[in-house]
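Notes follow once the structure below has been shown.
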Amino acid sequence: MRELRKTFGKVKAVDGVSFEIEKGEMFGLLGPNGAGKTTTIRMLTGIFDPDSGVIEVDGKDMAKHKLGSKARMGIIPEIGNVYPDLTARQNLELFAQFYGIGKEERKARADRMLGDLGLKDRADDMLRGFSKGMKQRVSIGCAMVHEPDILFLDEPTEGLDVQSRRLIVDKVKELNAKGSTVLLTTHNIEEARRLCQRVCIINKGKVVAIDSPERLRSTFTEVQSVEVSFDRKVGCDLFQEKCVASATEYGDKVRIYTNDPDAVIDYLVRLKHERGLKIVSLQVLGPTLEDVFVKLTEGSR
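Residue numbers for the sequence shown, in numbering that gives the first Met the number 0: 0 to 300.
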């Protein structure tokens, strides 16, 4: 996709976004609320037409080959698109039918998907009585029942229970391992770090960074931290030295952000003697992907 733009009234939802996704790649699209992630997904899947810019699928202009491009896609929107008055099995078979899969094969695929997603015992129950997590499992199954070449997931695990999240992630990884391309939008930075080969961070409709999680982390060496715990609880207001940019409590530990870890360690040793504290644990940490995300999008709200 090149130079995609989409405006709603006076709001530039997407403002010149460009990136390429390799075949078979797991690609993450990250950004704060209102950054343009969902609008970008909706243009890539043909729900919205861009005001300007080009989307290509395997070198073909999607505007000229929309039906063919969409037939190769599976889409899991932020709000599920399944039918509440149909059973789980009926939903799966219906979506398989949409993609032209024959009767016997769609029954076989529905059965297989129900087993993979832990839904066999609820296969013939209407979705109206399902929990959010179970509905999302069915939504995932419907998007994957035709084994798409490209899978789009918009916040697929948001607000789900641990079991549903794991089942969904495992199923997506399985499809990706077979060669399907996956584009994932998520607020779960750790999930993106674990799953994606590359991530694109967008803010206010523009791309601010795109690379592998590890390379993004390595470019932000100034975002370092020292994590310390003492033999008794201390508050963040204790850390007021010039070498301390900020401090945050994590359970019984305090993480101190700095561009000079050595100076912070010297300060902590001095503090230990002055306050009669015992250092239980101490480690220097590089920037996390979440640190990079916050740094690149700070001031967005």
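Idealized CB from N, CA, C, for every residue including glycine.
Note on geometry: alpha-carbon atoms of G128 and T37 lie some 28 Å from one another. Note that the C-beta distance between L150 and A87 is not below 8 Å.
Taking 3 residues as the shortest admissible run, the stretch 101 to 180 contains the following complete beta strand (DSSP E) segments, listed from N- to C-terminal end: 149 to 153.
Contact check for L116 against R136 passes: the beta carbons are separated by less than 8 Å. R269 and K277 have their C-alpha atoms roughly 11 Å apart.
For Y249, the enclosing beta strand (DSSP E) covers residues S245 to Y249. Here E154 is buried, its C-beta having at least 16 other C-beta atoms within 10 Å.
Excluding its 5 nearest sequence neighbours in each direction, E289 has C-beta neighbours in its own chain below 8 Å: I188 and E189, listed in chain order. The three-state reading of DSSP puts I20 in coil, since its state is none of H, G, I, E or B.
G45: not part of any alpha helix (DSSP H); DSSP gives it neither H nor E. Looking at the DSSP output, G73 bridges to L150. The Cβ-Cβ distance between V181 and M25 falls below 8 Å.
Restricting attention to beta strand (DSSP E) runs no shorter than 3 residues, the stretch 209 to 295 encloses them at 223 to 229, 245 to 249, 252 to 257 and 278 to 284, ordered along the chain. A residue is called buried when at least 16 other Cβ atoms come within 10 angstroms of its Cβ; F97 does not meet this threshold and is exposed.
Looking at K11, G79 and D48, the one whose alpha-carbon comes closest to that of K65 is D48. Contact annotation: the stretch 56 to 73 does not touch the stretch 216 to 232, with fewer than three C-beta pairs closer than 8 Å. For P147, the closest C-alpha among the options N90, E173 and K271 is that of E173. Cβ neighbours of K134 within its own chain (closer than 7 Å, five residues either side excluded): G79, V81 and L126. The beta-carbon separation of A70 and L91, rounded to 18 Å, does not stay under the 8 Å limit for a contact. In this structure R1 is not in contact with D50, their Cβ atoms being roughly 14 Å apart against a cut-off of 8 Å. When the alpha-carbon of K232 is set against those of E103, S245, A208 and K252, the nearest one is in K252.
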